[in-house]
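S.K.:
Numbering (my numbering), first residue to last: 222 to 525.
This is the structure in structure tokens:
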């Protein structure tokens, strides 16, 4: 039976799969299975390393299939990496039958609890640039979100109140999701998001299900200044991916949102902040940098 370097058990979403496909680009033999293909997968090779991100959250027996594959003769001796791309600040447990040899954890903060006796490293979303310089920045402030978590409703309500108090600005707000009032208030879900973020001078962000979010990197890549709560992940320490702190820091409860907006537009301060944030993205946190960091970190520990 052939031997392959990696088996990745993941979700099919591109921002989950792409960092794993990068291992193949770097010359490794790999197989990738996801929530759609796992049920018919039978290992046809011995694997040196197995990376698991897919969770048993469908109630369809996915967890049984993950354990079946992990415990198979082809995988039982592999180096096991738990790649937690979930929204949990703490390391997930009770999820798999084997203890990991390495943990890659997206929501890794100073408060994170890791019950396993193995190394743990942070990472963040690797998101490609949405920059399109052909657009004029004629929108002062934008916020576009699909709010699936009810805990974000107070932020939306605060945002609407601040918008009404600051009519001198050109706003673009579009919120979609299960709340019945959203479509009535803002119309159908935005279909030209790339245009909106490129046209915006300032973009608002609020933590939703997690501290990390694709919106952060989308706005940063478009030279749109960010106003958001302070990020807590240790991935921004120098020993990992480096700082990302060029944004206007807003309180977690957004109580100072109005103050931060006025600060951003005082003497066009947002322009300098947006440029520095863009530089941070391009030099330390763009898609390629994330993939390189994730790959190199795994390769320090895994079976080659």
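C-beta atoms are modelled at their ideal positions from N, C-alpha and C, and glycine is treated no differently.
Note that the structure is a prediction, hence the values are computed from the model and not measured.
1) According to DSSP, is residue 262 part of a helix, a strand, or is it coil?
2) Could you name the residues of the same chain whose beta carbon sits closer than 6 Å to that of residue 320, not counting the 5 residues immediately before and after it, in chain order?
3) Have a look at the DSSP bridge pairing and note the partners of residue 253.
4) How long is the line joining the alpha carbons of residue 510 and residue 269, rounded to whole angstroms?
5) Using alpha carbons as the reference points, say which of 470, 460, 409 and 442 lies closest to residue 427.
6) So, at 6 Å on beta carbons, what are the nonlocal neighbours of residue 363 in its own chain, with the 5 sequence-adjacent residues on each side left out?
7) So who's on the other strand from residue 450, going by DSSP bridges?
8) Use the C-beta contact count for residue 462: other C-beta atoms within 10 angstroms, 16 or more gives buried, fewer gives exposed.
9) Between residue 308 and residue 275, what straight-line distance do the alpha-carbon atoms span, to the nearest angstrom?
10) Once DSSP output is grouped into helix, strand and coil, what is the label at residue 334?
11) Rounded to whole angstroms, what's the CA-CA distance from residue 347 to residue 407? Just pull it up for me.
12) Would you say residue 447 and residue 468 are within 8 Å of each other, going by their C-beta atoms?
13) With H, G and I counted as helix, E and B as strand and the rest as coil, what does DSSP make of residue 269?
14) Please go through the stretch 353-438 and give each complete beta strand (DSSP E) segment of 3 or more residues, from N-terminal end onward.
M.R.: The structure says:
1) As a working mapping, residue 262 is identified with position 41 in the chain shown. Residue 262 falls in the coil class under three-state DSSP.
2) Residue 320 sits at position 99 when you count from the first residue of the chain shown. Only 337 meet the Cβ criterion.
3) Numbered from its first residue, the chain shown carries residue 253 at position 32. Partner(s): 229.
4) Taking the chain shown and counting its residues from 1, one reaches residue 510 at position 289. Taking the chain shown and counting its residues from 1, one reaches residue 269 at position 48. Approximately 25 Å, taken between the alpha carbons.
5) Reading the chain shown from its first residue, position 206 is the one you call residue 427. Of the listed residues, the one whose Cα sits closest to residue 427 is 470.
6) Within the chain shown, the letter at position 142 stands for residue 363. Only 393, 417, 421 and 424 meet the Cβ criterion.
7) By one-based count along the chain shown, residue 450 stands at place 229. Bridge partners of residue 450: 471.
8) Within the chain shown, numbered from 1, the residue matching residue 462 stands at position 241. Buried: at least 16 other Cβ atoms inside 10 Å.
9) Sequence index remark: in the chain shown, residue 308 carries index 87 (1-based). Sequence index remark: in the chain shown, residue 275 carries index 54 (1-based). Those two C-alpha atoms are separated by around 13 Å.
10) Position 113 of the chain shown, counting from 1, holds the residue named residue 334. Correct three-state label for residue 334: coil.
11) For the purposes of this step, residue 347 is identified with residue 126 of the chain shown, where counting begins at 1. For the purposes of this step, residue 407 is identified with residue 186 of the chain shown, where counting begins at 1. Approximately 30 Å between the Cα atoms of the pair.
12) Residue numbering aside, residue 447 sits at position 226 when the chain shown is read from its first letter. Residue numbering aside, residue 468 sits at position 247 when the chain shown is read from its first letter. Yes, the pair counts as a contact, with Cβ atoms nearer than the cut-off.
13) Taking the first residue of the chain shown as position 1, residue 269 is located at position 48. Reduced to three states, the DSSP call for residue 269 is strand.
14) 360-367, 392-397 and 421-425
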